[in-house]
Structure formats: structure tokens, C-alpha cells
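Data block below; observations after.
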Amino acid sequence: MRRRVPDFVRKILFVEILKGLALTFRTMLKPPVTRQYPRERRDPKPGFRGQHAFVRNPETNREKCVACQKCATVCPSRCISIRYETDEHGVRHLTKYEIDALRCIFCGYCESVCPVCAIVLTETYEYASYSREGFVYDRERLLHNWDRFAAQLKRPAYFNMFWRPAGADVKRLAVVRRLQQPVPVRQTPDAGIAGTREPRAGQGQAPTQGDR
1 MRRRVPDFVR KILFVEILKG LALTFRTMLK PPVTRQYPRE RRDPKPGFRG
51 QHAFVRNPET NREKCVACQK CATVCPSRCI SIRYETDEHG VRHLTKYEID
101 ALRCIFCGYC ESVCPVCAIV LTETYEYASY SREGFVYDRE RLLHNWDRFA
151 AQLKRPAYFN MFWRPAGADV KRLAVVRRLQ QPVPVRQTPD AGIAGTREPR
201 AGQGQAPTQG DR
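Residues 1 to 212 (this note's numbering) are what the sequence shown spells out, left to right.
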């Protein structure tokens with residue numbers, strides 16, 4: 001049985017001080033682990049869920065959303081609002097799309113369920129605002145977020161790992177998801193500043209069918 005050193009002996013011999021000095025000497029010659037942020041930024045790990053964005057379609061230069069409302073339906077925090085109109089051929093046309101980022105729990109269900117790979121949670125983690133409205137992302141702001149993310153991306157193309165999850169049955173995925181290729185990023189000279197609020201598209205319009 002290990003005998004305990006009496007307290008007065010520990011005090012006389014400065015045992016605790018010697019332990020602290022020993023720890024200091026063991027670590028003082030090791031390289032520092034401190035990251036000098038913001039000069040040194042940490043690269044997000046695969047699957048990181050950051051700021052919301054609409055993937056910009058390289059062909060149309062607009063969002064790819066088809067207003068299927070799957071993202072709004074599956075969202076557990078009900079932070080997605082969608083409005084659309086239907087033409088004479090029964091095709092839906094998106095008129096409003098908003099995400100309240102303050103209510104979002106970043107579960108990634110929206111990007112996992114999207115059949116056309118339109119909405120993503122980017123690797124952008126540096127964004128802030130002075131108002132709550134700055135965290136309500138409409139169509140134009142979501143495209144703006146994509147441009148900002150693409151301008152900072154070090155890779156020539158972007159592919160979200162949730163578009164074709166590892167181990168998933170590819171045959172059960174939507175055709176667009178099966179054929180989805182890495183998206184070439186569109187480098188923009190000025191992608192804007194995080195936290196700025198873009199004018200809302202369609203603000204003040206009368207409610208249309210399909211409002212969530």
C-alpha cells in the first residue's frame with residue numbers, strides 16, 4: 001500500500017512547486033500549439049456545416065431550387081420558408097425562399113434531402129451581424145453567400161459529401177443527385193462582407209400559393 005506523504009513534509013519540500021516546474025520544463029522546449037488567428041485560419045474538416053448558400057447553376061447563373069419544399073418539410077426547426085407559383089404546365093417557379101439562420105440547428109437535413117443539390121451548408125464559419133435581420137437569408141443573399149464562399153475556396157470545384165453520402169444506395173437517389181458533378185466555383189473579385197444584408201427579392205409581394 002502506497003504511503004501518503006504528510007502535508008507538512010510536502011510543504012517543507014515544496015513538492016507541488018517542484019511538480020509545476022517539472023511540467024514547465026517538459027513543455028517549454030516543445031513547439032507551440034497556439035494558432036495565431038486570424039492570420040492562421042483552421043481549414044474545416046469534411047462535412048463541416050457552416051453558412052447557408054444556394055449553389056449557383058453554372059448554366060443559368062441562378063439557383064437550382066425547384067420549389068419541391070422537401071427542405072422545408074424535413075427541417076426540424078421550421079426555419080425555412082418557401083413560396084412558389086405554378087405555370088400552365090404544372091411547373092413550379094420559386095418566388096420566395098428564406099432561411100432564419102438563428103433558428104437553424106445545422107443538422108444538414110436540407111442539403112441531404114434536396115433532389116437537385118441546390119442548398120448547402122458551406123465551409124464558411126466567419127459571419128456575423130448587428131441585427132437579427134442580417135441572419136435571415138433570402139434568395140439573393142443565399143446566392144451572395146455562395147459567391148463569397150466560392151471566392152475563398154482553395155479548390156477549383158466544390159462537391160458536398162452529403163450529395164452522395166458514403167454507404168448510401170446510389171440507385172435510390174434522385175437522378176440529378178446521381179449525376180451531380182463537382183461544381184466549378186465562380187471566382188468573384190468582391191464577394192462582400194460577412195453580416196451585410198442584401199435587399200430582399202420580392203419584398204412586399206402578396207402571398208402566393210405554396211406558402212410554408
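Note that the Cβ used here is the ideal one computed from N, Cα and C, for glycine as well.
Q: Rounded to whole angstroms, what's the CA-CA distance from Y109 to T73? Just pull it up for me.
A: If I take the Cα positions, the gap works out to 10 Å.
Q | R78 versus E63 - alpha carbon distance | A | 21 Å
Q. Can the beta-carbon of H173 be found less than 8 Å from the beta-carbon of R164?
A. Looking at the sequence itself, residue 173 is Leu, so the reference to His does not match. In this structure, R164 lies closer than 8 Å to L173 by Cβ.
Q: Any chance you could list the beta strand (DSSP E) runs of at least 3 consecutive residues sitting entirely within the segment 21 to 66, in chain order?
A: Runs of beta strand (DSSP E) with 3 or more residues, each lying fully within the segment 21 to 66, are found at 52 to 54, listed in chain order.
Q: Could you tell me the boundaries of the beta strand (DSSP E) in which D100 lies?
A: Taken as a continuous stretch (DSSP letters only), the beta strand (DSSP E) holding D100 covers R92 to D100.
Q) Along the chain, where does the alpha helix (DSSP H) that runs through L179 open and close? A) It spans V175 to L179 - the alpha helix (DSSP H) in which L179 sits, taken as one unbroken run.
Q: Please decide whether A157 counts as near chain B, where near means a Cβ-Cβ distance under 8 Å.
A: Absent from the structure is chain B; it holds one protein chain and no more.
Q. By Cβ distance below 7 Å, which residues in the same chain neighbour A239 in space, the five residues on each side in sequence not counted?
A. The question about residue 239 has no answer here: the residues shown for the chain are numbered 1 through 212.
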